[in-house]
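Notes to accompany the following structure.
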Amino acid sequence: MRKRDPQAISRGSAAEPARAGIKNRLVPALFLGVFMIAGGSIFYVLCARPAFRILQARQWPEVSCEIISSKVAEHQSDDGRTYSVDIFYRYWIDGEEFKSTRACFFDGYSSGYQPKAAVVARYPAGTMQVCYFNPHNPAEAVLMRDFYPEMFMIGGFGLLFFCVGFFPILSILFGKNRQGAAVPERHGENFPYVQHAGAARVRWHAGIPILRSDAPPADDGVVLKPLAPAVVKFALVAIFTLIWNAAIFFGAGNDVVRLFQGPFTGINLLFKIFTAPILIFFAIGLFLIGVSVYLLLAMLNPTPVLTLNSDVLSPGGLLKLTWRLQGRAERVARLRILLEGREVAKYRRGTNTVTDTKVFVRVPLVEEQDPASIAGGAREAEIPELIMHSFESAHNKIIWALKVEGEIRRWPDIKEEFSIIILPRSGGIDRQ
Amino acid sequence: MRARENPFRVERLEALPFIFQMYDWPALDRRLAALSYRAAILGRQGTGKTTLLLELSRRLRQQGSAVQIITVRRDERAENLREVRHAYRRLGASDILCIDGADGLPWPVWRAVRSGSRRLRGLIVTSHTRRLLPVLFFCRSDGSVLEQILRHLLPTSVAEFSAQTPQLLRRHRGNIRNVLREMYDRYAEMNCSDTQVF
Amino acid sequence: MSDRLTIQLEAATNGFAPGETVSGTLSWNLPKPAQNIELRLVWYTNGKGDRDVEIIESAVFSIEELSGTRPFKFTLPPGPYSFSGRNISLLWALELFAHGSPETTQAGIVVSPVRRELLLYPADESA
Numbered sequence: 002m003r004k005r006d007p008q009a010i011s012r013g014s015a016a017e018p019a020r021a022g023i024k025n026r027l028v029p030a031l032f033l034g035v036f037m038i039a040g041g042s043i044f045y046v047l048c049a050r051p052a053f054r055i056l057q058a059r060q061w062p063e064v065s066c067e068i069i070s071s072k073v074a075e076h077q078s079d080d081g082r083t084y085s086v087d088i089f090y091r092y093w094i095d096g097e098e099f100k101s102t103r104a105c106f107f108d109g110y111s112s113g114y115q116p117k118a119a120v121v122a123r124y125p126a127g128t129m130q131v132c133y134f135n136p137h138n139p140a141e142a143v144l145m146r147d148f149y150p151e152m153f154m155i156g157g158f159g160l161l162f163f164c165v166g167f168f169p170i171l172s173i174l175f176g177k178n179r180q181g182a183a184v185p186e187r188h189g190e191n192f193p194y195v196q197h198a199g200a201a202r203v204r205w206h207a208g209i210p211i212l213r214s215d216a217p218p219a220d221d222g223v224v225l226k227p228l229a230p231a232v233v234k235f236a237l238v239a240i241f242t243l244i245w246n247a248a249i250f251f252g253a254g255n256d257v258v259r260l261f262q263g264p265f266t267g268i269n270l271l272f273k274i275f276t277a278p279i280l281i282f283f284a285i286g287l288f289l290i291g292v293s294v295y296l297l298l299a300m301l302n303p304t305p306v307l308t309l310n311s312d313v314l315s316p317g318g319l320l321k322l323t324w325r326l327q328g329r330a331e332r333v334a335r336l337r338i339l340l341e342g343r344e345v346a347k348y349r350r351g352t353n354t355v356t357d358t359k360v361f362v363r364v365p366l367v368e369e370q371d372p373a374s375i376a377g378g379a380r381e382a383e384i385p386e387l388i389m390h391s392f393e394s395a396h397n398k399i400i401w402a403l404k405v406e407g408e409i410r411r412w413p414d415i416k417e418e419f420s421i422i423i424l425p426r427s428g429g430i431d432r433q
Numbered sequence: 073m074r075a076r077e078n079p080f081r082v083e084r085l086e087a088l089p090f091i092f093q094m095y096d097w098p099a100l101d102r103r104l105a106a107l108s109y110r111a112a113i114l115g116r117q118g119t120g121k122t123t124l125l126l127e128l129s130r131r132l133r134q135q136g137s138a139v140q141i142i143t144v145r146r147d148e149r150a151e152n153l154r155e156v157r158h159a160y161r162r163l164g165a166s167d168i169l170c171i172d173g174a175d176g177l178p179w180p181v182w183r184a185v186r187s188g189s190r191r192l193r194g195l196i197v198t199s200h201t202r203r204l205l206p207v208l209f210f211c212r213s214d215g216s217v218l219e220q221i222l223r224h225l226l227p228t229s230v231a232e233f234s235a236q237t238p239q240l241l242r243r244h245r246g247n248i249r250n251v252l253r254e255m256y257d258r259y260a261e262m263n264c265s266d267t268q269v270f
Numbered sequence: 325m326s327d328r329l330t331i332q333l334e335a336a337t338n339g340f341a342p343g344e345t346v347s348g349t350l351s352w353n354l355p356k357p358a359q360n361i362e363l364r365l366v367w368y369t370n371g372k373g374d375r376d377v378e379i380i381e382s383a384v385f386s387i388e389e390l391s392g393t394r395p396f397k398f399t400l401p402p403g404p405y406s407f408s409g410r411n412i413s414l415l416w417a418l419e420l421f422a423h424g425s426p427e428t429t430q431a432g433i434v435v436s437p438v439r440r441e442l443l444l445y446p447a448d449e450s451a
């Protein structure tokens, strides 16, 4: 909350304290850890483990078996009644008799009676059926080796919860300001996938970056790599796409099919009109698939690796840049590296916060079309004496970034960003 | 167009007076007194609830009351609770507590605030739709309010912008604050140069 | 702004470089006694984003008379520079308050290596 007493500019105002320190991170990390453990457990037990065993069992040889007993078992719990398939069968391998009760690998109890009854009806007592046994352990066998849609739905939700806990925990525990330096909490929030060059060597005070007296020297240069590799971006989007499309397919797949079947008259037409909005969700699912494919292709792009003489630059100083493309650099038709300055203003809009960004300067540092130069090179540029330094306050920032743009024909382009820090100069400049 | 010269900059917006349509301050004062200083200002987003609350609090201070204003932010729940507790320790029987965005408080917290405020002189809140307290005023936005705001901000060039107001209000669904933000950009563009490239 | 409180800078201009000293004289002429007056060196933002304010330094003067003068001196930090973009302007100021009174006054200063406001968009210079 904010106390409001707008008499003059500085009366009653207080700077937002920067939140730092491991103590403030443990509580959210523990809270998120619950999500991670719960989600991970659900995903493993109800999806990953049975899926893996089904895949294994599909290599198992088949053998005849006799169904001894077959019924739907009922279980009473606080939540009510649940049902499971209870089939007891025997089979022979090389004259030796084995017995088993495993019908399938997805053992979850549920409240649905009909599906269990349908399975039991397929395997009546006293009949001869086919089962599959583990050749490495003949005592292990199964009647059905099918995948169940419920596995993926439940597993998908579990994975989602796992991700909800896992990635934020990584960020909280291993983020740049772990050492408790007074880096404002929201530093770099506009660049979620950007390595924050210089963040460890400066501290922020009253809006300006100050080189820390205990900062290690950057004699060997500073290597910048994308903080979140393309594979992470792809994985996050792909997981969400999978969950979204699975939910649409299993929840409303039949309705979508029925929309295009049957006559477009009378009651059918009415049904089609009411269910047509489902197509929006379907379209979103297709869009997400498109984005996933785009990111998958982008994953195969060469990775730009930049080395700077220093991640913290001073006015009048020299920016020495070397670049290298890891991977198939020959696919890149044009490479540009620019230094970009932005003003970023944040304001409240009701209960939401909106961020507005404007680029005020773009300095081209590298513009190459020669394949050898694209693959790697070096450039020097002088930082002007008079330049607006990096600035950060609670709602307003001046941000400097190195942008790498690699044009690849008929393929997603390379687009990476690395934020850098420009210090204020001390003293004045005497100009005529 | 330098940011500090833009007539729609935040400093000017914060200084805007609340504009009544078919109502006035004496009538509001009477109604507030009749409600024993326990009332809510309702209205959709961007219709001036905060502006009205701030101006009302200034008037109450001028009349001799001690007023404390707390702004609720939905993404700072823990801090919200701390501030409420802190406020109650400090406030006394002659004080008025104003809560901007009270509908953002969790229901148990709001109930505690409401019952605890009975020992204070008054409790005035803003809310989007929930009638947490008897209604003091319902803020609405329309073209004439926006026109008057534009006359405050652009005394000499209001005509250029007033033609756009109906369309802007429609697009932003009556949210005057968002309209003014868009006007910030439009005014800046009128004196725009491209991003400089060396 | 009050005319009962004034800030007079020693320098001929209000432009300063980072690290330089801002000095001058403050004066007051109050209708009622105030316990003390306070002079603050602040910067603040203006523009599209919500306002940020930073109090860099503050000097409190105990006063017994209804009117008087006092000298002051602040050393400017390395930054931030006074600048103006499209979304953000950053301005520096000296603010003088009389505690227990609504009287307040302000004197704007400019802090940058060239003692002038930096423009992020140079075309704004002609605007």
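Chains A, B and C supply the protein sequences, listed in that same order.
All the letters of the first sequence, read from the start, carry residue numbers 2 to 433 under the numbering used here.
All the letters of the second sequence, read from the start, carry residue numbers 73 to 270 under the numbering used here.
All the letters of the third sequence, read from the start, carry residue numbers 325 to 451 under the numbering used here.
Just so you know, even glycine gets a beta-carbon here, dropped at the ideal spot from N, CA and C.
For clarity, every value in this text was computed on a predicted model and none was experimentally measured.
Interface annotation for the region 369-390 of chain C against chain B: T369, N370, G371, K372, G373, D374, R375, criterion Cβ-Cβ distance under 9 Å. DSSP places A:S420 in the uninterrupted beta strand (DSSP E) bounded by 415-423. If you compare the alpha carbons of A:V360, A:R411, A:P425, A:L387 with that of A:K404, the shortest gap goes to A:V360.
Nearest to B:A99 by alpha-carbon distance, out of B:V251, B:Q239, B:F209, B:L204, is B:F209. Annotation for B:T119: no alpha helix (DSSP H) segment contains it, and DSSP assigns it neither H nor E.
Rounded to whole angstroms, the Cβ separation of A:Q370 and A:A330 is 13 Å, and the two are not in contact under 8 Å. Judged by beta-carbon spacing, A:K398 lies within the 8 Å limit of A:V345, meaning their Cβ atoms are closer than that value. Setting aside the 5 residues that flank it on each side, B:K121 is surrounded in the same chain by I113, G115, T198, C211, each with a C-beta closer than 7 Å to its C-beta; the list follows chain order.
Between B:F92 and B:M255, the CB-CB gap reaches or exceeds 8 Å. For the region 387-419 of chain C, the set of positions with a beta-carbon nearer than 8 Å to some beta-carbon of chain B reads S408, G409, R410, N411, I412, S413, L415 in chain order. For the options C:R364, C:E389, C:L390, C:I387, the alpha carbon positioned closest to that of C:E381 is the one of C:R364.
A:Q77 is bridged by DSSP to A:R82.
Around C:R328, no beta-carbon contact reaches into chain A at under 7 Å, the shortest distance being about 14 Å. At a cut-off of 8 Å between beta-carbon atoms, B:M255 makes no contact with chain C. As DSSP reads the structure, C:N353 sits in a beta bridge with C:S391. Listed along chain C is no residue with a C-beta nearer than 7 Å to that of B:A112; the closest approach is about 25 Å.
Of the residues assessed, A:W401 falls on the buried side of the cut-off, its CB having 16 or more other CB atoms within 10 angstroms. Burial check for A:Q327: the Cβ neighbour count within 10 Å stays below 16, so the residue is exposed. A direct Cα-to-Cα measurement between A:N310 and A:E383 gives close to 12 Å.
Interface residue (Cβ-Cβ distance to chain B less than 8 Å): A:Y133 is not classified as such. In the three-state DSSP reduction, A:T323 falls in the strand class (E or B). Residue pairing of A:H206 in beta bridges, as defined by DSSP: A:I209. Note on C:E441: 16 or more other CB atoms within 10 angstroms of its CB, so buried under the neighbour-count rule.
Close CB contacts of A:R146 within its chain, under the 7 Å cut and outside five residues either way in sequence, are with I55, A58, R59, Y133 (chain order). The DSSP-derived three-state label of B:I248 is helix.
Less than 8 Å divides the Cβ of C:L329 from the Cβ of C:A422. Interface criterion met: the Cβ of B:E83 is under 8 Å from a Cβ in chain C. By the neighbour-count criterion, in which a residue is buried when 16 or more other Cβ atoms sit within 10 angstroms of its Cβ, A:G40 is buried. In terms of Cα proximity to A:L144, the closest of A:P385, A:M154, A:V364, A:Q130 is A:Q130. Residue contact check for C:P437 against chain A: a CB pair falls below 8 Å.
Buried is the label assigned to C:N370, since at least 16 other Cβ atoms lie within 10 Å of its Cβ.
With a threshold of 8 Å between beta carbons, A:R349 makes contact with chain C.
In terms of Cβ geometry, B:I221 and B:L125 do not form a close pair [threshold 8 Å].
Sixteen is the threshold: when 16 or more other Cβ atoms of the shown chains lie within 10 Å of the Cβ of B:Q140, as they do, the residue is buried.
The bridge partners DSSP lists for A:S71 are A:I88.
Within 7 Å of the CB of B:A260, the CB atoms of chain C belong to R410, in sequence order along the chain.
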